[in-house]
Amino acid sequence: MVKDIDWSSLGFGYVKTDYRYVSNFKNGKWDDGALITDETVTLHESAGVLQYAQTCFEGMKAYRTVDGKVVCFRPDLNAQRMADTCERLEMAVFPKDRFIDAVEKVVKANLDFVPPYGSGASLYLRPYMFGSNAVIGVKPAEEFQFRIFATPVGPYFKGGVKPISLRVPDFDRAAPRGTGHIKAGLNYAMSLHPIVDAHNNGFNENMYLDSKTRTKVEETGGANIIFVTKDNTVVTPKSDTILPSITRRSLMYVAEHYLGLKAEEREVSYTEVKEFKECALCGTAAVLSPVGRVVNGNEEIVFGMDAMGEITKKLYDTLTGIQMGRIEAPEGWIKVIS
Ligand code: PLP
Ligand code: COI
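So this is what it looks like as structure tokens:
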């Protein structure tokens, strides 16, 4: 039975669900994996994750569709991105077919936590991995734990689709350069001070510029960025030091193939930002959150704080329509779980 939760008032926080998936890598191979109920992790004091932050994660969602199914959106891309991250971090790769199977197991075991269609909430899934055996010299762990937990979530930014504020911080996001197209624990730790500082100054997020030249738009702490030009071209920054957002890749496809718009992935210089007519953040958590203004020192760029821009709204409606089963999805985008 669907849990008695006030779905429409959920924010983006942790709610304990019944089951999580765990698999361990030891002696060069992954064990069979299992669903467990214990949400705690017991670790060796010298585990690679604790000493050298050898850890990474993914973020994805399960949705209840208009016709009552439970689905996931492009889980194969999360599996691939996590594999890429693990290779970069010298971690064991969790096989892609097993990743998708584990996602399915966790969602099926927590079906009662998948929010109802139309509630505005969804079941967020957090696959992650960490080095678990003792290391003391600077080197990778040899044993790893892969886990997935699920938690029902509402909007990432409070206020739903109300436009948010960004500021261009003085901080570089993370050593050595940018988040760097992997989702690693250490990179996000380096962004915690800038995000606290942004919030303390009344902004929702940071718009990071590239750390090498500080002239090009990269992304924010937890989402990629899209812009719309005055002639309705959808533009997103091309950079190999940002996370390759699955939502962004999907939106660019939607812009071109569903909305008949031009979609360009290219370098975006900060000086160009004031020329755009719309700006929004995109990601699994952010979905497509309109940006109302960007502040850089004394300069303020205002896109409009009242509502979502026209093209942003079309992109949002089409993407969420595909995710919730109202609009036919491109081949392979939707995995039906139940
Ligand atoms: N960029 C960063 C830094 C993120 O944390 C996220 C969230 O996952 C994204 C971009 C968006 O990626 P995706 O659309 O795959 O969720
Ligand atoms: C996501 O959108 O899944 C993210 O990872 C963003 C943030 C919660 C880290």
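So the sequence shown is numbered by my numbering: it starts at 421 and just counts up by one.
Using N, Cα and C, we set each Cβ at its ideal position, and we do this for glycine too.
It should be emphasised that the depicted structure is a prediction, and the values quoted were computed from it without experimental measurement.
Cβ-based neighbour list, residue i, same chain, cut-off 6 Å, excluding 5 preceding and 5 following
i      : result
LYS489 : VAL756
SER539 : TRP427, SER428
ALA595 : Low confidence applies to ALA595: its pLDDT is 44, below 50, so where it sits in the model is not reliable, and the reading given next is rough at best. Hits under 6 Å: none found.
ARG686 : LYS658
VAL527 : ALA482, ILE757
Proximity to residue i [Cα-Cα], best of the options
i      : options                        : result
ALA554 : THR462, ASP487, SER689, GLY538 : THR462
ALA512 : SER428, MET549, PHE569         : MET549
CYS506 : PHE564, ASP590, GLU465, LYS525 : PHE564
LYS632 : THR640, SER659, LEU701         : SER659
LEU663 : ASN607, PHE623, ASP517         : ASN607
CYS492 : GLY680, ARG546, PHE566         : ARG546
GLY479 : ILE556, LEU497, GLU751         : LEU497
LYS733 : VAL654, ALA705, LEU455         : VAL654
ALA522 : ASN626, VAL486, LEU455, PHE445 : LEU455
Check: residue i C-beta below 7 Å from any heavy atom of ligand 2
i      : result
GLU680 : Strictly speaking, residue 680 in this sequence is Gly, with Glu absent from that position. Not under cutoff, so the answer is no.
THR640 : no
THR740 : no
ALA618 : no
GLY574 : no
GLY479 : yes
Sequence-distant residues of the same chain with beta carbon closer than 8 Å to residue i, five excluded per side
i      : result
ASN530 : THR437, ASP438, TYR439, LEU543, ALA570
PRO535 : ILE425, TRP427, LEU430, ARG484, ALA541, SER542, LEU543, PRO572
Any non-hydrogen atom of ligand 1 closer than 7 Å to residue i Cβ
i      : result
SER542 : no
CYS699 : no
ASN644 : yes
THR661 : no
THR704 : yes
SER665 : yes
ARG668 : yes
For residue j and residue i, the rounded distance between their alpha carbons
i      : j      : result
GLU524 : ASP451 : 18 Å
VAL558 : VAL469 : 12 Å
ALA503 : PRO495 : 12 Å
ASP517 : ASN718 : 50 Å
GLY598 : MET421 : Its pLDDT being 44, under 50, GLY598 is placed unreliably by the model, and the measurement read from it follows with that caveat. One C-alpha to the other measures close to 44 Å.
GLY642 : VAL435 : 20 Å
LEU630 : ASN716 : Just to set this straight, residue 630 is Asp in the shown sequence, not Leu. Taking the straight line from one Cα to the other gives about 14 Å.
GLU459 : GLY453 : 15 Å
GLU562 : TYR537 : 43 Å
ALA604 : ALA473 : 8 Å
Beta-carbon proximity list for residue i, same chain, < 7 Å, skipping 5 on both sides
i      : result
ILE754 : VAL491, PHE493
TODO: Check whether the stretch 712–722 touches the stretch 576–591, taking contact to mean three or more Cβ pairs, one atom from each stretch, closer than 8 Å.
DONE: yes
TODO: Evaluate contact between the stretch 695–703 and the stretch 641–648, counting only Cβ atoms and requiring at least three cross-stretch pairs below 8 Å.
DONE: yes
Open item on the list: Three Cβ pairs or more, each shorter than 8 Å: is that satisfied between the stretch 670–678 and the stretch 736–753?
Closed with: yes
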